[in-house]
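Numbering (full-length UniProt numbering), first residue to last: 1 to 277.
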Amino acid sequence: MRYLYIFLIALVFISCNIVTEPPPPERENPIDPKSPVFQPPKAEIIDGPSNNSIVTEHTVTFKWRGNQADSLMLFSYKLDNQNWSNWSNVKEATFTYLDEGKHTFMVKAKYINNIEQEEPAKVDFTVDAVKGPALMFRPRKVEITAGQYFDVEILVEEATNFAGLKTVITYDNLFDVEYVQIYKDSVSLLLKNGGNIIDFVAIDKTNRKIEINVAVAGGNPADVNGTGRIGRIRFKVLSGSGETKTISFDSANSIMRDSENRTVEIKELVQGIVVVR
């Protein structure tokens, strides 16, 4: 009986120890800032133009990843001065019809508990997709809604021995021309070496054509080289939704000339893209 009593006491003691033993610690949470294994959210760009690179196409694609499981992370991105995209689990973005020149892409991450990356991942790159001499519009791509106005500038790209231009621009019947402005100050590439602008503009709304004749007189030297603006056109979107239209230079009626009235070869006529949302 004495041994049975000792056995029962030992059994009670063991049972008490089992009941009072503290529970195991919870699994550590990598997105909880109070956790010892917490890491700030981070987006890493893993594909696309490298920093300070030159891109010879107008289309670029960036891909990125986060530093935690996809189910724990959201991302937002932007190009240049655009608004940040909505937060989502998207990890890839493509941009088309980029303007010539410098661009900056940024992407940032946040956890599902709204802890956000402090400094976005960033890539600076330069687009050099058009080989001049060329005529093009800037911006190269416009996104707009019906009833709104938009401007496009007429740009001469990489001109050599340039003193004058004749071109006919055609546009879609979704648009109406508000006005055409030929630059007559230091903004104009043609006035790079001084002188005066001589211009003639005719707008044919029936056939949706704009004829532009512009030249410089009295510059020193008479011809100019380089890239720059000639003027701008303001359009109004009359109608349309979900359509993509173009503004184009008529190849049969686009001529660049030097100060001796000799033809300067135009290597590219780059159309403008208008997306009506």
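Cβ atoms here follow ideal geometry from the backbone N, Cα and C, with glycine treated the same way.
Length of the line joining the Cα atoms of residue i and residue j
| i | j | result |
| --- | --- | --- |
| Thr263 | Val216 | 15 Å |
| Ile54 | Glu158 | 16 Å |
| Lys78 | Lys236 | 27 Å |
| Ser76 | Trp64 | 11 Å |
| Gly228 | Asp70 | 45 Å |
| Gly240 | Phe150 | 15 Å |
| Trp87 | Leu238 | 33 Å |
| Val90 | Leu74 | 8 Å |
| Val107 | Asp124 | 12 Å |
| Val142 | Pro33 | 43 Å |
| Gly272 | Phe137 | 6 Å |
Residue j beta carbon less than 8 Å from that of residue i
| i | j | result |
| --- | --- | --- |
| Val152 | Pro139 | yes |
| Val58 | Asp80 | Rather than Val, the amino acid found at residue 58 in this sequence is His. Result no, Cβ atoms of His58 and Asp80 do not sit closer than 8 Å. |
| Ser35 | Glu44 | no |
| Asp199 | Ile210 | no |
| Ile144 | Arg277 | yes |
| Gly48 | Phe38 | no |
| Ile247 | Val274 | yes |
| Val224 | Ala163 | yes |
| Phe249 | Thr160 | no |
| Leu98 | Val60 | yes |
Three-way DSSP call (helix, strand, coil) for residue i in this model
| i | result |
| --- | --- |
| Leu135 | strand |
| Phe165 | A small correction: the amino acid at residue 165 is Leu; Phe does not occupy that position in the sequence shown. Here Leu165 sits in strand by DSSP. |
| Ser251 | helix |
| Asp124 | strand |
| Asp70 | helix |
Limits of the unbroken beta strand (DSSP E) element including residue i
| i | result |
| --- | --- |
| Leu74 | 73-79 |
| Phe62 | 60-66 |
| Glu265 | No beta strand (DSSP E) holds Glu265; DSSP gives it neither H nor E. |
| Val200 | Just to set this straight, residue 200 is Phe in the shown sequence, not Val. 196-204 is the extent of the beta strand (DSSP E) around Phe200. |
| Lys192 | Run containing Lys192: none; DSSP gives neither H nor E here. |
Q.
Below 8 Å, how does it come out for the region 239-253 and the region 117-127: are there three or more Cβ pairs, yes or no?
A. At 8 Å Cβ cutoff, the stretches do not touch.
Would you say the region 257-273 touches the region 172-180, given that touching needs at least three Cβ pairs under 8 Å?
Touching, no.
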